[in-house]
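Since the structure comes first, as structure tokens, the remarks are kept for the end.
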Amino acid sequence: MPRAFLTIALASLLLVPSFVPTFAAALDSSLDAYVGQQPEALLKAKPEFAKAYRSAVGELDFPAWTQRLAAGKRAERVDINGTAYVLTSACSSAGCLDEHLYILFDPQSGRASGLFYLPPASDDPGDTRTAFSRWYGMPADKATAQAIGAFLLERAATDAQTLANPAKQ
């Protein structure tokens, strides 16, 4: 009897690695369904994204443009601490220098989190409006929330710098 159990246990170990690439491929294909799409298109065509986003922002007092996400960057895949996410961002169609909304979506959990970012005014070095930026939908796990927060804040600051100082051609 112990020999039969050992044989089954060893056989199951040989099968497990074959599922790992399948799971990874499934994750990649689920991310591919979002990558390259505009935020407004994701809200319209991906109900799981729209549900996660609406749940994350809840009743927060954000500007009206955050309901439609009409202007923004195409979604991309990002990895934070070994977890794959879909990242997209949006801004007011009047201009992206004032306010920016970052949405980080995890298709596996169906959850979204993000940052409503207020970049400092480029003409005022003492501007502190960034302090009024707001996080939303952050995970309960403190380490994960900190990693996501650091990633989003760095991305937001980099994007704001790029927008404020476009490359000369």
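Read left to right, the sequence shown gives residues -24 to -1, 1 to 145 (mature numbering (1 follows the signal peptide of the UniProt record, and there is no 0)).
We put the beta carbon where it would ideally sit given N, CA and C, even for glycine.
So, with DSSP's three-state summary, where would you put residue i?
i: L77; result: strand
i: V33; result: helix
i: G125; result: helix
i: L63; result: strand
i: S69; result: coil
i: D117; result: coil
i: D103; result: coil
i: A136; result: helix
Does the Cβ of residue i have 16 or more other Cβ atoms within 10 Å, making it buried, or fewer, making it exposed?
i: G48; result: buried
i: T104; result: exposed
i: P23; result: exposed
i: T42; result: buried
i: E130; result: exposed
i: A28; result: buried
i: P142; result: exposed
i: Q137; result: exposed
i: A132; result: buried
i: P39; result: exposed
i: P95; result: buried
Give me whichever residues DSSP pairs with residue i in a beta bridge.
i: G90; result: I79 and Y112
i: R53; result: V62
i: A47; result: C67
Would the beta-carbon of residue i fall within 8 Å of that of residue j?
i: S109; j: F92; result: yes
i: I56; j: I124; result: yes
i: A60; j: L128; result: no
- Message: With three or more C-beta pairs closer than 8 Å as the rule, is the segment 64 to 73 touching the segment 112 to 126?
- Response: no
- Message: Tell me whether the segment 27 to 34 and the segment 76 to 95 touch, counting them as touching only if at least three CB pairs, one residue from each stretch, are closer than 8 Å.
- Response: yes
- Query: Between the segment 39 to 58 and the segment 4 to 22, do three or more beta carbon pairs fall short of 8 Å?
  - Reply: yes
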